[in-house]
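Protein chains in written order, with my numbering: chain A, 1 to 112; chain B, 113 to 226.
So, in structure tokens, the structure goes:
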């Protein structure tokens with residue numbers, strides 16, 4: 001069964017706008033990661049946030065984590081057409097040292 | 113810097129045939145894993161390995177075998193392919209496992225079973 005579920009499943013915005021994607025998960029986690037996948041390619045790691053962190057930034061990316069609500073959000077500011085991709089959250093459940101469990105992803109389309 | 117290399121990129125099999133998907137990494141990572149990706153399902157873990165000689169099952173291991181004789185290589189074997197195994201397969205590696213670090217993914221192997 002999938003641990004993380006992204007919302008929305010698809011998102012279409014104009015270039016320059018901000019894009020927000022949400023991830024909910026079911027069990028306690030060690031960390032939560034966000035990955036990006038361009039069409040027909042492998043996944044690329046974007047950012048990792050640990051269970052004791054609430055917010056993290058990396059360039060135009062901002063990730064928040066609310067462990068009480070078991071949810072995370074990924075904000076991409078000033079989006080570009082090149083940001084068009086699928087975005088996945090992935091969690092490491094507490095007590096599981098090695099297994100990363102992925103959600104089903106959000107397909108982001110940024111229109112020029 | 114090659115990273116994680118998967119071969120073949122595309123493969124068509126008939127039901128009952130066997131084949132091996134190859135995965136090699138040149139980053140000296142101890143942790144390696146295989147995922148399958150199906151439409152609307154995200155990625156599901158098939159098997160993983162925390163070091164040479166050590167393998168373990170993931171969420172969907174049935175129909176697949178793995179071995180880890182070297183740190184660099186982690187092949188995935190389908191002994192008798194079924195149409196349900198039509199999918200895109202991704203190999204990934206990590207220096208310390210998902211607990212503390214990121215996974216590095218290959219470009220994927222697209223398998224069709226007729």
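Glycine residues also receive a C-beta, built at the ideal position from the N, C-alpha and C atoms. Quantities reported herein were computed from a predicted structural model and do not represent experimental measurements.
Open item on the list: Counting only Cβ pairs nearer than 8 angstroms, list the residues of chain A close to residue 157 (chain B).
Closed with: Translated into positions along the second chain, residue 157 (chain B) becomes position 45. In chain order: 99, 100 and 101.
Task: Residues near residue 115 (chain B) by beta carbon distance below 8 angstroms, same chain, minus five either side - done: Within the second chain, numbered from 1, the residue matching residue 115 (chain B) stands at position 3. Around residue 115 (chain B): 137, 138, 139, 216 and 218.
Task: Cutoff 6 angstroms; reference residue 62 (chain A); Cβ partners in own chain excluding five residues on either side - done: Counting from one through the first chain, the residue named residue 62 (chain A) turns up at place 62. Here the set comprises 75.
TODO: State buried or exposed for residue 104 (chain A), treating a residue as buried only when at least 16 other CB atoms are found within 10 Å of its CB.
DONE: As a working mapping, residue 104 (chain A) is identified with position 104 in the first chain. Looking at its Cβ environment, which holds 16 or more other Cβ atoms inside 10 Å, residue 104 (chain A) is buried.
- [ ] At 7 angstroms on the CB atoms, spell out the chain B contacts of residue 48 (chain A), in chain order.
- [x] For the purposes of this step, residue 48 (chain A) is taken as residue 48 along the first chain, with counting starting at 1. Result: 214.
- [ ] Using a Cβ-Cβ cut-off of 8 angstroms, state whether residue 122 (chain B) counts as contacting chain A.
- [x] The residue labelled residue 122 (chain B) in the question sits at position 10 within the second chain. For residue 122 (chain B), the answer is no, since every Cβ of chain A falls outside 8 angstroms of its Cβ.
Task: Beta-carbon proximity check, residue 188 (chain B) vs residue 132 (chain B), cutoff 8 angstroms - done: If you number the second chain from 1, residue 188 (chain B) lands on position 76. If you number the second chain from 1, residue 132 (chain B) lands on position 20. The answer is yes: Cβ separation under 8 angstroms.
Task: Assumed close pair residue 199 (chain B), residue 149 (chain B) - CB separation to whole angstroms, cut-off 8 angstroms - done: Locating residue 199 (chain B) in the second chain gives position 87, where the first residue counts as 1. Locating residue 149 (chain B) in the second chain gives position 37, where the first residue counts as 1. Right, the Cβ-Cβ distance comes to about 6 angstroms (below 8 angstroms), so this counts as a contact.
Open item on the list: Quick check on residue 42 (chain A) - is its C-beta less than 8 angstroms from some C-beta in chain B?
Closed with: Within the first chain, numbered from 1, the residue matching residue 42 (chain A) stands at position 42. Residue 42 (chain A) counts as touching chain B.
- [ ] Provide the residue(s) that pair with residue 93 (chain A) in DSSP beta bridges, ordered along the chain.
- [x] Taking the first residue of the first chain as position 1, residue 93 (chain A) is located at position 93. Its beta-bridge partners are A:29.
Task: Under 8 angstroms by beta carbon: chain E residues contacting residue 105 (chain A) - done: This model lacks chain E altogether; the protein chains it does include are A and B.
Open item on the list: Between residue 70 (chain A) and the ligand FMN, is there a pair consisting of the residue's CB and a ligand heavy atom that are separated by less than 7 angstroms?
Closed with: With respect to small molecules bound, the structure shown includes none, and the ligand FMN cannot be examined in it.
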